[in-house]
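In my numbering, the protein residues as written are 1 to 406.
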Ligand SMILES: *Cc1c(COP(=O)(O)O)cnc(C)c1O
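See below:
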């Protein structure tokens with residue numbers, strides 16, 4: 001038990017009240033205060049234990065308090081915590097080398113602190129091509145800063161913040177003809193997620209990313225794959241684009257890369273690698289050695305523990321397990337690796353999320369009718385079995401309640 005965790009006095013409602021008194025309300029009040037985590041398990045302020053099948057939204061790739069991350073972060077912060085970009089530190093360079101090496105192609109890396117910033121950098125790189133136009137997908141999510149929001153294909157999120165940076169066309173996701181019509185020689189960037197995560201784990205038709213690569217190559221447009229959710233092992237590959245044999249000009253990363261610490265990365269290849277020149281972009285914390293040390297620990301552990309294969313077969317087991325529940329409330333299971341969307345037959349995702357929590361499971365109602373799962377890449381077979389048992393009970397509870405209500 002970590003120090004400062006006051007289970008008896010605090011309770012879940014006490015922190016919730018404090019939260020409501022002082023926190024900006026942009027998130028709405030969160031579901032639950034969590035005080036401690038270990039691997040796939042977390043505990044709330046009343047000592048209740050949960051299996052965390054959301055992993056901080058695809059962030060805690062090695063679970064909570066993984067020894068390799070703890071060691072890397074503690075060691076780095078105790079020796080050199082920050083240097084600014086006027087100086088350099090070895091972990092930063094090392095991480096860039098490793099990331100480029102994982103893509104198998106020569107490239108360069110710009111580090112930032114979040115997914116939105118990774119995409120913001122990509123957007124600015126697009127502007128530096130001199131071309132005015134950008135294409136991204138309807139339903140896509142690329143972050144909340146003004147530039148990333150302009151790329152995000154969700155009008156409800158955009159509307160209150162107009163005017164946004166101009167020149168972005170949104171095309172239906174998965175539609176190759178729409179890409180062909182929209183991408184021209186005026187188009188700087190085509191920005192796509194390999195799987196639309198926030199939109200409900202939407203997998204495009206086979207060949208879509210390859211078509212995107214061909215179309216952009218023909219017009220000299222940079223293909224940007226937003227792998228912020230799909231990257232770093234989440235789909236059983238280092239990068240989801242790799243699995244499709246697609247070499248993007250720009251890859252953006254964040255979420256799982258830092259194993260719980262905030263980091264974003266914009267990987268650039270070919271001519272795109274030369275567009276950022278001294279003074280063109282920056283961030284005070286860019287390449288901070290502590291977060292880079294955490295990310296290096298994540299990459300090392302994925303490699304040493306063989307987690308890519310583990311993700312592939314554990315993800316398959318989880319997917320088959322949910323399908324095999326054969327529950328009338330489950331319409332289909334979408335996704336790949338350990339990024340799964342359980343599409344419900346009716347818009348009861350919020351109810352299922354709550355019932356799951358009551359059964360000791362943390363999952364996410366990503367849309368009104370979809371439950372998203374993104375457990376740690378380290379999730380064990382036993383934890384998957386426990387998940388299936390509890391999730392079946394949660395589904396049944398919601399189903400029964402709805403039948404009674406109907
Ligand atoms: C989460 C996410 C982002 C935004 O990342 P933040 O760190 O929240 O800014 C961008 N793109 C995708 C695909 C994401 O899943």
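Here a beta-carbon is modelled for each residue, glycine too, at the ideal position from N, C-alpha and C.
Of the residues 195, 244, 98 and 341, the one whose Cα lies closest to the Cα of residue 372 is 341. Annotation: residue 383 to residue 302 spans about 19 Å, alpha carbon to alpha carbon.
Per DSSP, residue 99 lies in no beta strand (DSSP E); the unbroken alpha helix (DSSP H) holding it starts and ends at 90-103. Cβ atoms of residue 188 and residue 134 come within 8 Å of each other, at about 6 Å.
Placement of the Cβ of residue 251 at a distance of 8 Å or more from every heavy atom of ligand 1 is found. Annotation for residue 124 indicates a beta carbon at 8 Å or more from all heavy atoms of ligand 1. One Cα belongs to residue 88, the other to residue 346, and the distance between them is close to 53 Å.
Here residue 344 has 329, 330, 331, 352, 369, 370 and 371 as same chain residues with Cβ atoms under 8 Å from its own Cβ, once five neighbours each way along the sequence are excluded. Within the segment 121-198, the runs of beta strand (DSSP E) that reach at least 3 residues and sit entirely inside it are, in chain order, 133-137, 168-171 and 187-192.
Between residue 318 and residue 58, the CB-CB gap reaches or exceeds 9 Å.
Taking 8 Å as the cut-off, the C-beta of residue 202 does not count as close to any heavy atom of ligand 1.
Here the C-alpha atom of residue 262 lies approximately 21 Å from the C-alpha atom of residue 25. In the structure shown, residue 230 falls within a coil segment according to DSSP collapsed to helix, strand and coil. Separation of residue 243 and residue 169 (C-alpha to C-alpha, rounded to the nearest whole angstrom) is 27 Å.
A direct Cα-to-Cα measurement between residue 37 and residue 60 gives close to 11 Å. Rounded to the nearest angstrom, the gap between the Cα atoms of residue 362 and residue 349 is 13 Å. As computed with DSSP, residue 252 is found in a beta bridge with 226 and 266. Assignment of residue 113 by DSSP, reduced to helix, strand and coil, places it in the coil class. Residue state for residue 355 is assigned as helix, using DSSP reduced to three classes. Judged by their CB atoms, residue 315 and residue 236 are nearer to each other than the 9 Å cut-off. Boundaries for residue 320: no beta strand (DSSP E) harbours it, while the alpha helix (DSSP H) harbouring it runs 307-324, taken from the DSSP string.
For residue 302, the enclosing alpha helix (DSSP H) starts and ends at 289-304. Measuring C-alpha to C-alpha distances from residue 290 to each of 94, 125 and 120 identifies 94 as the nearest. Here residue 147 is buried, its C-beta having at least 16 other C-beta atoms within 10 Å.
For the pair residue 294 and residue 72, the Cα-to-Cα distance works out to about 6 Å. In the same chain as residue 201, and ignoring 5 residues on each side of it, the C-beta atoms closer than 8 Å to its own belong to 195, 334, 335, 339, 340, 341, 366, 370 and 372, in chain order. Counting of Cβ neighbours within 10 angstroms places residue 161 among the exposed residues, the total staying below 16. For residue 154, the shortest C-beta to heavy atom distance toward ligand 1 is 8 Å or greater. With a 10 Å radius around the Cβ and a threshold of 16 neighbouring Cβ atoms, residue 21 comes out exposed. By the criterion of at least three beta-carbon pairs nearer than 8 Å, the segment 207-224 is in contact with the segment 117-135. Its chain contains no residue whose beta carbon lies nearer than 8 Å to that of residue 278 once the 5 sequence neighbours on both sides are disregarded. In this structure residue 232 is not in contact with residue 252, their Cβ atoms being roughly 12 Å apart against a cut-off of 8 Å.
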